[in-house]
Every structure is written in C-alpha cells, then in structure tokens.
Amino acid sequence: MSAETQNAPASARDQSSSLPPRAATPTGVPAPTGGPAPTAGQEPQPAHLPRPSGAPLHEPDAYSTPPYGDPGPWAPAPPVQRPTPAHGTPVRPQAAVPSPQHPSPVPPPTGVPGHSAPVPPQPTAVPQQPAPVPAQWGQYDPWAAPGQPLTQVGPPAGTEPGRRRNRRGGAFAGVLLLTLVASGIGGGVGAYIERNGGLTTVELPQASRTTTDRAPESVAGIAASALPSVVTLHVSGTAESGTGTGFVLDNRGHILTNNHVVAPAGTTGDITVTFSSGETATAELVGKDSGYDLAVVKVRGVSGLKPLPLGNSDNVQVGDPVVAIGAPFDLSNTVTSGIISAKQRPITAGGEKGDGSDISYVDALQTDAPINPGNSGGPLVDTQAHVIGINSAIRAADSGKGPERGGQSGSIGLGFAIPINQGKRVAEELINTGRATHPVIGVTLDMKFTGDGAKVGTKGAEDGPAVTKDGPAAKAGIRSGDVITAVQGQRVHSGEELIVKIRAHRPGDRLELRLTRGGEELTMTLTLGSSSGT
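All residue numbers for the sequence shown refer to the numbering used here, where the first residue is 51 and numbers rise by one.
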C-alpha cells in the first residue's frame, strides 16, 4: 500500500475502532491490513511497504488471499457472471450464494496499522427485474468443468426434442413391423402361387365317367366274366391251415380245387368258401386224389351260382394269351395275365410224406402269368373266359428240386397248370364215385435208372414180378428190363415222364409205345388199364 495510507489521520483510525469486531485471527498470523477490496473479476493487489534489508518481498498474508492462497475469511465471493442469451434475452437473477467459510460478506477493517485504508464499498446498482430465463440458462454453471459450451445448439424454443425422437422411433418401429408383415404375406402368396400356379383354384381336366363295357376278349372283359365264378378257400385242421382258390363247376354247388389246398383239413377240419361278392359259406369235401392233385368240395344253401365254362386244353397253342385268377397270399380276386409258354411239360409235385403216396404227376401247361401261393386251384382261362387249366405249381427261384406247391417263394414266371381235359375227367369221377381212377400199363419201373428213357424193373411190389400178370403190358409183350423211349410219338426221358404221359389219358385208351430191348428198337400197342387213386 502507499505511504499516504500509513499517515492516515487519527479520525480514520477512530473510525476503524467503531467497526464491528472481526473474526478471530489465526494463531501466529498478524492482523490483516486494510486495503481496497478487490472488485469483481480482479485479484487483490499487495500493499507496497518499505521492507528492511533481508526481509521477505511480501508480507505474510494472514488471509491467504489470491494469488497466494484461498480467499480470506472476510473476502466476499466474486459475483456470478451470467452471459446474456442471443437476441438480448434478459437473464433471471439468482439469489446470492454465501461463502462456505463466511455466511455473509464482512467488509475489511479500517485503521489497522501497516495497512492501507479500506476502500469504501461501491454502490451496487439494483438491476431491473429481468424477464424469465429459459430453462437452459437457469441451469448454467460458470464453475462447471471446462469445455462445456456457453450455449447449446438445439431446436427452437417451444419444441420438444425428446418427444420428437420418441415419435421418430415409434414411426421407425411401425415401418419395420409393416415391412415384416408385408414380406411374410408376400412370401406366403409367392409360395401359394408357386405351388398352385396362380391365385385361382386349380381344377385339372378329367374325362367324364362312362359305363362303357370292355371288349370281351380283353383282360378286363375276361376278368369281369370269370370273377363271379371264382372263390377263395380257407382251410383249417388240427395241425395246420391254408388258403387257396377254386371255381364253380355247376349249379349244385360243386367247386374244383387242388388236393393240397384241402389237405390240411383232413377228415375233421373246416373248409370255408368266400365268393367274389364277399358272401361266405361252409363247404364239405366230396372227393380228392393226390395223384392228380385235384379235389372237389360242395357248398349248400347258396343260390345264384355261376359255373365257369370249361374249355379244351387240346386246342391250346404255345403263345396263346391267358389270364390267371386267384388269391395269392390271401389277396382275393387277383387277376394276372400272360401266355402259354409250353405244353405237355411233365412235372411232379408233392412227396412230403416220403412214401410217394402224395406225389402228383402232371402233364402240365406252362405259363408266365404270375402265380403265387394262394393261386393254387384257381382257373387259367383263355380269351373266351373258358377254363383251360387248373393252376397247381410254380418253379421257385430258390429251389432246384423241381416245382413247388404251397411254398412261400414268389413267381418267377414259371407256373404250371393241370390241363382241364384231365381235370374234367377226374372231377366227374370224384363227384360221381368219390374216387378217381388212374390209367396204368401194369409194370413196375426202376426209378433209379439214370439212362435215357423209362426202364422196366426186375422186381415188383413185395418181390413180385415187375410186369403184372395178365396186365396191359404183359398182354402187349413188354418184358422186364425193356426201356420205353416214347409214348404216342412223344419222347420219354425218365420214369416220371412215362407216368405223366400215361396219366394224361383215360383208362381204356390205346397207346403206341416205342422201346429198346438188347439194343433193338421195338414198337408195341396196348390198352390202358385202371386203378383206384387215393
């Protein structure tokens, strides 16, 4: 401070004594000197006092005033400066904030020796009452962290940015949802169009229903004519059961089938017949013959039977179309078609008993019409729906032992049927007498002979002669050891083939045989005899 202040008159000092007491001075700190109070925005200036040599450049600052310390205990806080908003918007005044150290500002004391006289407080102009300040200015803090802008760029007054953002977010969500729904609908419509070829209902063209009958010689025409006469047989006995096929012979209820179909019934079993219409009836056995593999059963109390016409198997030619009807694997009313692939095919079937009593010898018709287990006993018909054969056996792919009957192997296109001419004769005998007769020549054959032809044995049954006395062969001059090579001009290669050729005829028929005896060929004629079958 200046020298004039040190020589202040006593009146000034007297005035300082009349000031209100000051707050207690910290221990060891000299009392502060008077001086002008710093104005707003200015730092207090140190007093200029003469200092002795070696003394500090500055007097100790009892109040630690800036720039050497915090504001003194009596120094008022600097006034808050508020910027004026753009366009001259007035700022709302705020209440004075007291200093944390001093609840209220205290003027510095005067008249303290060694200090300059205090500067009288400057009158403060009372500001006019300002207009209300916007919210953004009311929150302004000049002592906040540096780097914050004094003003904020934002929407004009009266707008609500938060609500606008919410409105924009809602609109975006709505657009997104609408896009998803539209894409889902579009995908569904596209898939429907792709699958159905358009948005309209698809209706495919179709021929109108007609009742036009098929040609009688077509497979459909043959089946329509023959099916009402074909039946399915279910047979059960004490030890086994089976399924087969048969067909109606007359209006009296006689039905022809295979012997091996009804064999499981024995003498006490049950036989049930199911017609193509689904009607069922109980059947009884009329007669059977294992040598021909044929049997006749009869149903009672059934009206409206339709007999199936019988054809002539001698008229059949290789290549003729045929239709097989039956119940393969118990599938009733099954129709298959094919051709006659061979005639007079000698086959043997059966032999399960081991004594030869159940072996059947058939001069069969061969067909490639599919025949499977369950077709046995069913008709093989020609293009006029006439029966030309009785389906009896098949050649199985897994068997190398000959034709199979009743097995579970499937068809490989080798089926065999008993010619209807033979079936008709046997059926008539079974219906009339209950037994069938077999044509015989009166010899015992050597079944172990491996050469070409059928050799007459050296011994017969029970060590009797091989040629029956007074039998057809004896009367014709046939001897033991002769080898028969042909019957009616047809070559014979084994004993089984000779039996098949003989049984293809009736008892009493005259046959021409060709044979060899000691290397010499002979021809003989004989009349077939008869024996009862089993």
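Positions of the beta carbon are idealized from the N, C-alpha and C atoms, including for glycine.
Residue span of the alpha helix (DSSP H) that contains residue i, given as start and end
i, result
"residue 436", "Neither: residue 436 is in no alpha helix (DSSP H) and is coded neither H nor E."
"residue 275", "269-276"
"residue 547", "545-553"
"residue 311", "309-312"
"residue 526", "522-526"
For residue i, the first and last residue of its enclosing beta strand (DSSP E)
i, result
"residue 296", "291-298"
"residue 469", "465-469"
"residue 338", "330-339"
"residue 579", "579-582"
"residue 321", "320-325"
"residue 348", "344-349"
C-beta atoms of residue i and residue j nearer than 7 Å
i, j, result
"residue 359", "residue 415", "no"
"residue 545", "residue 480", "no"
"residue 466", "residue 424", "no"
"residue 333", "residue 307", "no"
"residue 491", "residue 523", "yes"
"residue 537", "residue 503", "no"
"residue 323", "residue 285", "no"
"residue 267", "residue 386", "no"
"residue 428", "residue 375", "yes"
"residue 319", "residue 271", "no"
"residue 535", "residue 560", "no"
"residue 311", "residue 391", "no"
"residue 373", "residue 281", "no"
"residue 567", "residue 532", "yes"
Residue burial classification, residue i (beta-carbon count within 10 angstroms, cutoff 16)
i, result
"residue 478", "exposed"
"residue 445", "buried"
"residue 411", "buried"
"residue 582", "exposed"
"residue 564", "buried"
"residue 283", "buried"
"residue 570", "exposed"
"residue 556", "exposed"
"residue 471", "buried"
"residue 552", "buried"
"residue 462", "exposed"
"residue 244", "exposed"
"residue 32", "Outside the shown range of the chain (51 to 584) lies residue 32, about which nothing can therefore be said."
"residue 340", "buried"
"residue 325", "buried"
"residue 265", "exposed"
"residue 314", "buried"
"residue 298", "buried"
"residue 255", "exposed"
Beta-ladder partner(s) of residue i, from DSSP
i, result
"residue 280", "297"
"residue 565", "534, 572"
"residue 517", "493"
"residue 499", "Per DSSP, none; premise fails for residue 499."
"residue 430", "374, 439"
"residue 413", "396"
"residue 504", "534"
"residue 481", "In DSSP, residue 481 forms no bridge with anything."
"residue 487", "582"
"residue 286", "291, 320"
"residue 540", "537"
### Message
For a minimum of 3 consecutive residues, which ranges assigned as the beta strand (DSSP E) are wholly contained in the segment 364-409?
### Response
371-376, 384-399
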